[in-house]
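Asks:
Numbering (my numbering), first residue to last: 10 to 263.
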């Protein structure tokens, strides 16, 4: 059987996508079984503690919480707009690149048939559209969390706000992962070799970024009136005035 360079797309592109999908299935398994070992689980643990502590604060004093959620909404909206803009640009490029396709094909070692090129562009468009939808849903859930936290004179369940914030973070992660897939598939336009190398590099980098080595903190609310600070062998105890000796009489000026 004679070797044909068209086989390279079938081997390398399939292997690259299999590696990316396999890694994300492994990450999903880790998030379900041992979330404390992943950055996603670590961040969600911090978000739950943040929501619980913020819900103990009066509505009038939750300006910091509203600022944090507003920043998430802004970031999700920006990423959704960027994904949609890239989708439009790629769609325009597909419609007007027929004359330049022959020039690009001269530098590609792989399958350069028109049908394969169509599959390349459709794959990139599909993942960018998936990212757009995920970022929109992330903004939607954070808007809902902002709405619940700003409700005055109401007993809003903490689970409602916590669920909205966590779902918003999940959709944010889905949008980011879709952008990662789209970026690797975009390199497929320049041949299967750059696409396969980008998939390997993305998996190695994501494995480092998704692994958490920090222990989970309890984030308990500070209710004590003593602050302890150890310096060397001495222990300095700072006590709120009047709490240790409430019955001590005040000195009167003579």
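Idealized CB from N, CA, C, for every residue including glycine.
In this text the structure is predicted, and so the values were computed from the model without any measurement.
Does the beta-carbon of residue 246 have 16 or more other beta-carbons within 10 angstroms, so that it is buried, or is it exposed?
Replies: The predicted position of residue 246 is uncertain, since its pLDDT is 43 and thus under 50; no value can be drawn from it.
Asks: Could you please give me the residues that DSSP links to residue 220 through a beta bridge?
Replies: 47
Asks: Taking the straight line between their C-alpha atoms, what separation do you get for residue 163 and residue 26?
Replies: 49 Å
Asks: At a cut of 8 Å, does the stretch 140 to 148 reach the stretch 28 to 38 through at least three beta carbon pairs?
Replies: no
Asks: If you check the beta carbons only, do residue 69 and residue 136 fall under 7 Å apart?
Replies: Note that the C-beta distance between residue 69 and residue 136 is not below 7 Å.
Asks: Just verifying my parser: in three-state terms, what is the DSSP assignment at residue 129?
Replies: Residue state, collapsed to three classes: helix.
Asks: Alpha carbon to alpha carbon, how far is residue 220 from residue 50? Give it in angstroms, no decimals.
Replies: 10 Å
Asks: In whole angstroms, what is the alpha-carbon distance linking residue 98 and residue 133?
Replies: 11 Å
Asks: I'd like the list of long-range same chain contacts for residue 197, defined as Cβ closer than 7 Å, with 5 residues on each side in sequence excluded.
Replies: 22, 129, 204
Asks: Rank 55, 188, 156, 28 by C-alpha distance to the C-alpha of residue 94 and give the top, closest one.
Replies: 188
Asks: Is DSSP giving residue 164 helix, strand or coil here?
Replies: coil
Asks: Look at the alpha carbon of residue 78 and the alpha carbon of residue 160, and state the distance between them as a whole number of angstroms.
Replies: 15 Å
Asks: For residue 20, count neighbouring C-beta atoms within 10 Å of its own C-beta (all shown protein chains included) and say buried if the count is 16 or more, exposed if not.
Replies: The Cβ neighbour count for residue 20, taken over all protein chains shown within 10 Å, is under 16; the residue is labelled exposed.
Asks: Taking 7 Å as the threshold (C-beta atoms), are residue 167 and residue 157 in contact?
Replies: no
Asks: According to DSSP, is residue 144 helix, strand or coil?
Replies: helix
Asks: Starting from residue 200, trace the alpha helix (DSSP H) both ways and give me its first and last residue.
Replies: Segment: none, residue 200 is in no alpha helix (DSSP H) and carries neither H nor E.
Asks: What does the alpha-carbon distance come out to for the pair residue 206 and residue 185?
Replies: Taking the straight line from one Cα to the other gives about 19 Å.
Asks: Helix, strand or coil for residue 226, going by three-state DSSP, please let me know.
Replies: coil
Asks: Can you check the stretch 56 to 108 for any alpha helix (DSSP H) of at least 4 residues that lies completely inside it and give the ranges in chain order?
Replies: 72 to 105
Asks: Which term fits residue 177, buried or exposed, when burial requires 16 or more other beta carbons within 10 angstroms of its beta carbon?
Replies: buried
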